[in-house]
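A.B. asks: What follows is a structure written as structure tokens; I'll ask about it next.
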Amino acid sequence: MDTNEIVEKVVSAVQEAPEKAQELIADPEGAVKAIIGDVEGFDIHEVIQGVMSKASELGLDFSHVDLSALDLSKLDISKLDLGALKDAAGKLNVDISKLDLSGLDFGNAVSSLLGNLGSIFGK
234 MDTNEIVEKV
244 VSAVQEAPEK
254 AQELIADPEG
264 AVKAIIGDVE
274 GFDIHEVIQG
284 VMSKASELGL
294 DFSHVDLSAL
304 DLSKLDISKL
314 DLGALKDAAG
324 KLNVDISKLD
334 LSGLDFGNAV
344 SSLLGNLGSI
354 FGK
């Protein structure tokens, strides 16, 4: 199953049962596997990006999602497009002020941000 198929299944599941959006926050990989089955070999970071993008394109409302349950130490944020995620979060009505950054590896965060800036300015 490729990333696009996984994204479609996850977004469809969230549309049918909005509480699944909170499950994705609490345990991204576990929630995806609960939706698609125990499929190995997918990149959770690509799936997260795809789900956020697709959900925002569809105009879904994730205002009920509590980001305080997100454990950022389970993700490698250098693999995420933080600008795109912030834009999608805004379109999805997600309150990002509740995001707990205390467990974040700021070395990776700074590296990711600099990498994103470099790609914007043609580093």
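Here the numbering used here is used: the first residue of the sequence shown is 234, the next is one more, and so on.
Ideal Cβ positions, reconstructed from N, Cα and C, are used throughout, including at glycine.
Let me know the secondary structure DSSP gives V327 once reduced to three states.
C.D. replies: Here V327 sits in coil by DSSP.
A.B. asks: Taking all protein chains shown into account, decide if Q282 is buried (16 or more other Cβ within 10 angstroms of its Cβ) or exposed.
C.D. replies: Q282 should be labelled buried.
A.B. asks: Consult DSSP for A264 and reduce its assignment to one of helix, strand or coil.
C.D. replies: Here DSSP, grouped into helix, strand and coil, assigns A264 to helix.
A.B. asks: Threshold first: 4 residues or longer. Then list the alpha helix (DSSP H) segments lying entirely within the segment 234–299, N to C.
C.D. replies: Segments of the alpha helix (DSSP H) lying fully in the segment 234–299: 236–249, 252–259, 261–269 and 277–290.
A.B. asks: So, for H278: in the same chain, excluding its five sequence neighbours on each side, which residues have a beta-carbon less than 6 Å away from its beta-carbon?
C.D. replies: K312 and L313
A.B. asks: How many angstroms separate the CA atom of G263 from the CA atom of K242?
C.D. replies: The C-alpha of K242 is placed about 14 Å away from the C-alpha of G263.
A.B. asks: If we ignore side chains and look at the alpha-carbon of each, how far apart do L291 and A321 end up?
C.D. replies: 11 Å
A.B. asks: Quick one: using the 10 Å Cβ neighbour count with 16 as the cut-off for buried, is A250 buried or exposed?
C.D. replies: exposed
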